[in-house]
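In terms of mature numbering (1 follows the signal peptide of the UniProt record, and there is no 0), the sequence shown is residues -19 to -1, 1 to 165. In what follows, a structure is listed as structure tokens, so that the remarks can point back to it.
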Amino acid sequence: MDLLILLYSFLVKLTAVVSVKHCYQCSDANIETHYGVFFVNPRVLQDGNRSELKKCDRFNVPVVECNGTCFSLNVTSLHVKDREVLPFGTAYGCSQYVLSEEIEDLPGCTKKDILLRTIPPYVVQAEYCKCDGDMCNSISYIVPAPPQRTSSGKQHFFVNYVKNPDNAVSYTFPSFLLALSLFA
């Protein structure tokens, strides 16, 4: 009888260990700047992991343990003049204590307009997607940082890249980058 209880206890503990899932966790610069408008309690991402939130890096995507669902956040904006949809930023992580109840309670993906606290106020479109598997919030696209100006006034552009499911990285070189390099 004691052996049966011991075996049952072992199986329960083994199930608990196996059921711990992991999520990719990182955030782009624009999301970090406006973190408070996208999440209920952004500090949980940092405090719960005892390390600072990592920026999305195509070669080193941090993974965290998660007792909730994993999420991915894809934020876009509309160009003021031609209404073209532009990438704004992405974030990935564990949804526990971070997503609002209205988003947490809905299955799958949820789209929501978010008002940024800027002058003038600016509206972006956020799509929150949740999933329940181990590392299910795979990173398929990371929004490149905006062009940076140096003290000399020259712009430095970053290459767009896409991480394939096979963990291979492909690069997309916009044609204007090629043209700029010819005249530099």
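Positions of the beta carbon are idealized from the N, C-alpha and C atoms, including for glycine.
Using the three-state DSSP reduction, which class does residue i fall into: helix, strand or coil?
{"i": "I84", "result": "helix"}
{"i": "F19", "result": "helix"}
{"i": "G134", "result": "With a pLDDT of 49 at G134, under the threshold of 50, the modelled position of this residue cannot be trusted; read the value that follows with caution. DSSP places G134 in coil when its eight states are reduced to three."}
{"i": "K144", "result": "Confidence at K144 is low in this model, with a pLDDT of 37, below 50, so the placement of that residue should be treated as unreliable; the coordinate-derived value is given next. If DSSP states are grouped into helix, strand and coil, K144 belongs with the strands."}
{"i": "K36", "result": "strand"}
What do you get for residue i, buried or exposed, if any count of 16 or more other CB atoms within 10 angstroms of its CB means buried?
{"i": "G70", "result": "buried"}
{"i": "N48", "result": "exposed"}
{"i": "A10", "result": "exposed"}
{"i": "L80", "result": "buried"}
{"i": "T14", "result": "exposed"}
{"i": "T50", "result": "buried"}
{"i": "G114", "result": "exposed"}
{"i": "I100", "result": "exposed"}
{"i": "V1", "result": "exposed"}
{"i": "L87", "result": "exposed"}
{"i": "L67", "result": "exposed"}
{"i": "L54", "result": "buried"}
{"i": "V105", "result": "buried"}
{"i": "G17", "result": "exposed"}
Got a sec, what are the start and stop residues for the alpha helix (DSSP H) residue i sits in?
{"i": "I95", "result": "That residue, I95, is in no alpha helix (DSSP H); its beta strand (DSSP E) goes 90 to 97."}
{"i": "N11", "result": "10 to 14"}
What span of residues does the beta strand (DSSP E) with residue i cover, start to end?
{"i": "T71", "result": "66 to 75"}
{"i": "T57", "result": "51 to 59"}
{"i": "V44", "result": "44 to 47"}
{"i": "C4", "result": "2 to 5"}
**Study point:** Touch test, the region 38 to 47 against the region 79 to 99, Cβ-Cβ under 8 Å, three pairs minimum
**Key:** In this structure the region 38 to 47 does not lie against the region 79 to 99, because fewer than three pairs of beta carbons, one per stretch, are closer than 8 Å.
**Study point:** Whole alpha helix (DSSP H) elements within the region 98 to 122, 4-residue minimum
**Key:** Along the length of the region 98 to 122, whole alpha helix (DSSP H) runs at least 4 residues long do not occur.
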